[in-house]
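A short worksheet on the structure shown next.
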Amino acid sequence: MTVKNNAAISRVINQGGFGCIFYPSLPCKKETKRNSNTSSSSSEYVSKLVKKNFSSKNEIRIGKIIQGIPFYSLYYVPVIQSCTASLAKVSEREIKKCSIISGKSSSTETATTATNANIIESKDDSNKFILLKMKYVENVKFTKYLLSSTNKKHILNTLFDTYSYFLFSLEQLMKNGIVHYDFKWDNAVIDIKTGLPVILDFGISIPINLLIDQEQQQKQNQQKDDADAASVVYDIYRDYFYIYFPEYSLWSIEIHLINYVLNKHSRITPESLKQTIDTYVDSNGAFTILSPEFIERYKKLCYSTLERFIDQSRKYVISECLKYWNTWDNYALSISYLQVIKFISTSGFTSNQFLISFSEILMDNIHPDPARRSDYATTRYKYKSIFYQDVNIENYELLIDNFDFDDFRSNSVKESKRNEDMFSQMSQQGGHTSQGGHTSPL
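Read left to right, the sequence shown gives residues 1 to 442 (full-length UniProt numbering).
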């Protein structure tokens, strides 16, 4: 979304269940008049007005970690500041637009009373909301950027060039102990200034070191016969693993098992494992490019790999599955690209050697046995190696020639909508809402 700052009035430029996006950024409650009039304190930033809850606090925590990554602004748009909003300084018209203030859904906006600002600023309600400030990036959503061109070569070059860039971005998060946990095309935008993709929405991201520290603390407490320790730690896990929803294909199968023992039943049975696998595989749109025979083999491999968790303790399942957290974002990236592959070759990927080679890399990264997935460095090496094979260069040119843009556009929009609807359904059932939303907030 491109926004021009024609006036220094903060306006709602986007909103959803997560809250409202204002540009220029809203002033903080304790901000002085002099500071609020400084361009660097408003027009260079956007702000999300959100409810003060776990997700907002988590996104602030993640933002602090990301700011320690060298040149982070080239790869991510994290929260860089938070404060209590000064809504008394916001125009009544803009306040009425914001559904979390008015209590009205964005689709049924109606004029509310002129006391909205006073209500929010009242003693009882002033602590319900918080401002999350982020750097303003003039951008366009990644999928929209691809579809804005009808040049087939440009579209495919952009798609495959950015794969290496996404690998690097997600690897840096991993090295800093962060699982983005929600990588998908809706959470990637192209920075108009640099032409590079940046990753958004860290509301449900996992600061994995915190969980590992809690696990170690749990072991120590159990040695001291602290019976309540395990329950406390499981509640902390549930902040991140908040719903059993195996239909969501961007989470790896072991993530669904963690969610199962935390939110469904404490023990996995042969029947529940089979049902989880069947639901997960059958709901995965990326697998429609695979033969029925391959899908059956994949299901059997899932079962043989994961049956060791049957009738094991909740503690064991969580501890073992968490060992492979560093593969989860690469897993989501691989599923996302597999979903695209089925759109870019109407004749199927089996007819093009370039797509076959690329698909093999992606399939390695969604292996049911997480120990057999490639790390980021290996994935990057394998990917670069594709382009050193003459046969693949020739097949890449053929892929461009056979690329059906209209089919790609239609299916990309449908898949994006399907993933968005599924995540919304999952969030509602789990009572957990990502602050970032699922449209570009900048």
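Where a beta carbon is used, it is the ideal one built from N, C-alpha and C, also for glycine. Model, not experiment: these values are computed from the prediction.
- In the DSSP annotation of this structure, the continuous segment of the beta strand (DSSP E) that includes G19 starts and ends at 19–23.
- Between V12 and C98, the C-beta gap is smaller than 9 Å, which places the two residues in contact.
- If the five residues before and after L399 are omitted, its C-beta is found closer than 8 Å to the C-beta atoms of L156, I344, S345, N352, F354, L355, all from its own chain and listed in chain order.
- DSSP places Q214 in the helix class (H, G or I) of the three-state scheme.
- With contacts defined as CB atoms closer than 9 Å, T379 and N326 fail to qualify as a contacting pair.
- Using a 10 angstroms sphere on the CB of F387, the tally of other CB atoms stays under 16, which defines it as exposed.
- Buried is the label assigned to R373, since at least 16 other Cβ atoms lie within 10 Å of its Cβ.
- Bounds of the alpha helix (DSSP H) holding R61 are 54–66.
- Secondary structure note for I243: it is in no beta strand (DSSP E), with a DSSP letter that is neither H nor E.
- C98 carries a coil assignment under DSSP once its states are collapsed to helix, strand and coil.
- Per DSSP, A188 is not a residue of any alpha helix (DSSP H); the beta strand (DSSP E) it occupies stretches across 188–191.
- For S47, there is no enclosing alpha helix (DSSP H); the enclosing beta strand (DSSP E) covers residues 45–51.
- Per DSSP, I13 is one residue of the beta strand (DSSP E) stretching across 11–16.
- Per DSSP, the unbroken beta strand (DSSP E) holding F129 starts and ends at 129–135.
- 9 Å or more divides the Cβ of F358 from the Cβ of Y376.
- Pairwise C-beta distances place the segment 83–97 in contact with the segment 22–30, as three or more of them are shorter than 8 Å.
- Shown here, Q275 sits in a helix according to DSSP, grouped into three states.
- Q312: not part of any beta strand (DSSP E); DSSP gives it neither H nor E.
- The straight-line gap separating the alpha-carbon atoms of L290 and L306 is approximately 22 Å.
- With a 10 Å radius around the Cβ and a threshold of 16 neighbouring Cβ atoms, H265 comes out exposed.
- Spanning the alpha carbons of Y324 and I204 requires a straight line of approximately 18 Å.
- In this structure I192 is exposed. Its beta-carbon is surrounded by fewer than 16 other beta-carbon atoms within 10 angstroms.
- The Cβ neighbour count for E59, taken over all protein chains shown within 10 Å, is at least 16; the residue is labelled buried.
- According to DSSP, V198 shares a beta bridge with V189.
- With respect to the 9 Å criterion, K48 and F22 are classified as neighbours on the basis of their beta carbons.
- Our two residues, S313 and F241, have alpha carbons roughly 17 Å apart in a direct line.
- Here DSSP, grouped into helix, strand and coil, assigns S82 to strand.
- Non-local C-beta neighbours of F142 in its own chain, meaning closer than 7 Å and more than five positions away in sequence, comprise W185, A188, V189, I190, P197, ordered along the chain.
- Y316 counts as exposed, since fewer than 16 other beta carbons sit within 10 angstroms of its beta carbon.
- When the beta-carbon positions are compared, G177 and I130 stay at least 9 Å from each other.
- Comparing C-alpha distances from C83 to each of Q67, I95, M134, P70 shows the shortest one belongs to M134.
- Membership of K141 in the beta strand (DSSP E) is indicated by the continuous run 139–141.
- Sorting S304, E271, I100 by C-alpha distance to the C-alpha of N14 places I100 at the top.
- In the displayed model, Y248 falls within coil according to three-state DSSP, outside both helix and strand.
- For the 9 Å CB-CB criterion, A371 and H180 do not form a contact.
- According to DSSP, V179 shares a beta bridge with I206.
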